[in-house]
Amino acid sequence: MRDEVRRRCELLIQNRDTVQEAFKWGNGLLSLSAAYMITSKDKRTDVEKLKQCKDLIKEKTSMFSNFKGNANCAITAMLAVNGSAETLLEDGLRVHEMLKQKLRDSAYLPMAAMSVARLVPLERQEEVVTKTKEIYDRIKTEHPFLTSAEDSSFCALLAMSEKSVEALVTEAETCYRFLTEQTRYPKNSVQSLSHVLALYDGTAEEKCKKVIELYETLQACGLKYGTGYELPMLGILAMTNENYEVLTEELEEVSTWLSKQKGFGFWGYVTLKQRLMFAGMLLQEPERQNEVSETALLQSAIATVVAQEAAMLAVMAASTAAAASAASS
Numbered sequence: 003m004r005d006e007v008r009r010r011c012e013l014l015i016q017n018r019d020t021v022q023e024a025f026k027w028g029n030g031l032l033s034l035s036a037a038y039m040i041t042s043k044d045k046r047t048d049v050e051k052l053k054q055c056k057d058l059i060k061e062k063t064s065m066f067s068n069f070k071g072n073a074n075c076a077i078t079a080m081l082a083v084n085g086s087a088e089t090l091l092e093d094g095l096r097v098h099e100m101l102k103q104k105l106r107d108s109a110y111l112p113m114a115a116m117s118v119a120r121l122v123p124l125e126r127q128e129e130v131v132t133k134t135k136e137i138y139d140r141i142k143t144e145h146p147f148l149t150s151a152e153d154s155s156f157c158a159l160l161a162m163s164e165k166s167v168e169a170l171v172t173e174a175e176t177c178y179r180f181l182t183e184q185t186r187y188p189k190n191s192v193q194s195l196s197h198v199l200a201l202y203d204g205t206a207e208e209k210c211k212k213v214i215e216l217y218e219t220l221q222a223c224g225l226k227y228g229t230g231y232e233l234p235m236l237g238i239l240a241m242t243n244e245n246y247e248v249l250t251e252e253l254e255e256v257s258t259w260l261s262k263q264k265g266f267g268f269w270g271y272v273t274l275k276q277r278l279m280f281a282g283m284l285l286q287e288p289e290r291q292n293e294v295s296e297t298a299l300l301q302s303a304i305a306t307v308v309a310q311e312a313a314m315l316a317v318m319a320a321s322t323a324a325a326a327s328a329a330s331s
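Per the numbering used here, the sequence shown starts with residue 3, numbered consecutively.
Quick look at the structure:
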């Protein structure tokens, strides 16, 4: 394993342990995903800082706010690595109020609001919120039974792109149709994947073929990558890597290393498919701000947030499904 990748893996475990100490009764997967958000910034935090940010959310939101739901751990992590946690939270809450006027509130909407607050200048936020609603309505029209509250986060990410609503929706729909014709991936996951692919350059067919090629390369090497909520991350890996054989080797190395860590093994709370998803996230290179233009930097930042959102959606969905299963048993 490359030294830099190993360092990020070790940093993730350190941050995971810190997050779990701050959220002693929290969900292990949600803690891990929050830890990745800290790790993706190449930072560490301490328990006290996390508790302060957790208390800040409690102080600034109502008793039944979705900021205190499944997204609470991730939002706390966002605030902990931000230089001005209170300002960021206030911005996120304001954007959340704007989004609630246009979209139904849900456990996922705070994630969308915080993404907009972090990445979009104040003067453009209302425009992005309006664009989010337009994209969501177009996607809902195309797929009324597939589109649900969790898609709001992806719609917000699409809205931050410089591409027009028409271009984004057309590109996403073209990717969706190609993938449903060429694969047996679940349609709901394909829709999320198509949202991710719409952010990248290239023709829809080229992008979809890259995803299929990477999936088949992993399969040929015995790595059973998930086709559920893990699928958007596969799209990001396909778009940001060129040599899939090397990528597959590294994914296996990282997954094997993680399997020896607490929580990732056979009896851990992370499944093999989720472990591969997190391995892929750890292989994402940190942003190098001095090497890209302002426009490219924004797209890079959006892609990074897409990776985080994809993980959070996977984790939140898994946690919700587990809770529902336990309640019915």
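Every residue, glycine too, gets a C-beta built ideally from N, C-alpha and C.
- The beta carbon of Q22 sits closer than 6 Å to the beta carbons of S33 from its chain, once the five residues preceding and following it are set aside; these are given in chain order.
- If you draw a straight line from the Cα of Q103 to the Cα of V167, it comes to about 20 Å.
- Under the three-state reduction of DSSP, A200 is assigned to coil, being neither helix nor strand.
- Taking a 10 Å sphere around the C-beta of N245, we find fewer than 16 other C-beta atoms and assign the residue as exposed.
- Non-local beta-carbon contacts of G237 in its own chain, meaning distances under 6 Å to residues more than five positions away in sequence, involve L195, V198, L199 and V213 in chain order.
- About 16 Å separates the beta carbons of I40 and I59, which is beyond the 8 Å limit, so they are not a contact pair.
- With a cut-off of 8 Å on Cβ pairs, the stretch 255 to 262 is not in contact with the stretch 226 to 237, counting fewer than three such pairs.
- Residue state for D5 is assigned as helix, using DSSP reduced to three classes.
- For R140, the enclosing alpha helix (DSSP H) begins and ends at Q127 to E144.
- Contact between the stretch 77 to 90 and the stretch 128 to 135 is not established, with fewer than three Cβ pairs separated by less than 8 Å.
- A distance below 8 Å separates the beta carbons of V192 and L181.
- The way I'd put it, the stretch 104 to 115 doesn't touch the stretch 46 to 61; fewer than three beta-carbon pairs between them come closer than 8 Å.
- Contiguous alpha helix (DSSP H) elements confined to the stretch 212 to 249 occur at 233 to 242, taking only those with 4 or more residues.
- Straight through space, the alpha carbons of A151 and W27 are spaced by roughly 26 Å.
- Collapsing the DSSP output to three states places P112 in a helix.
- Cα atoms of L52 and T219: separation of roughly 40 Å, rounded to the nearest angstrom.
- Ranked by Cα distance from C11, the options G30, Y217, S42 and F25 are led by S42.
- Around the beta carbon of K226, fewer than 16 other beta carbons lie within 10 angstroms, which makes this residue exposed.
- Taking each of E287, G94 and L260 in turn and checking the Cα distance to L274, the smallest one comes out for L260.
- The stretch 135 to 194 is shown to contain whole alpha helix (DSSP H) runs of 4 or more residues at 153 to 162 and 167 to 184, in chain order.
- In the structure shown, F280 adopts helical secondary structure according to DSSP, grouped into three states.
- In the three-state reduction of the DSSP assignment, D44 falls in the coil class, being assigned neither a helical nor a strand state.
- The residues I59, T63, I77 and P112, in chain order, have a CB closer than 7 Å to that of F69 in the same chain once the five nearest residues on each side in sequence are set aside.
- In summary, F280 is buried, with 16 or more beta-carbon neighbours lying within 10 Å of its beta-carbon over all protein chains present.
- Comparing alpha-carbon positions, the option among T89, Y110 and E99 lying closest to G71 turns out to be Y110.
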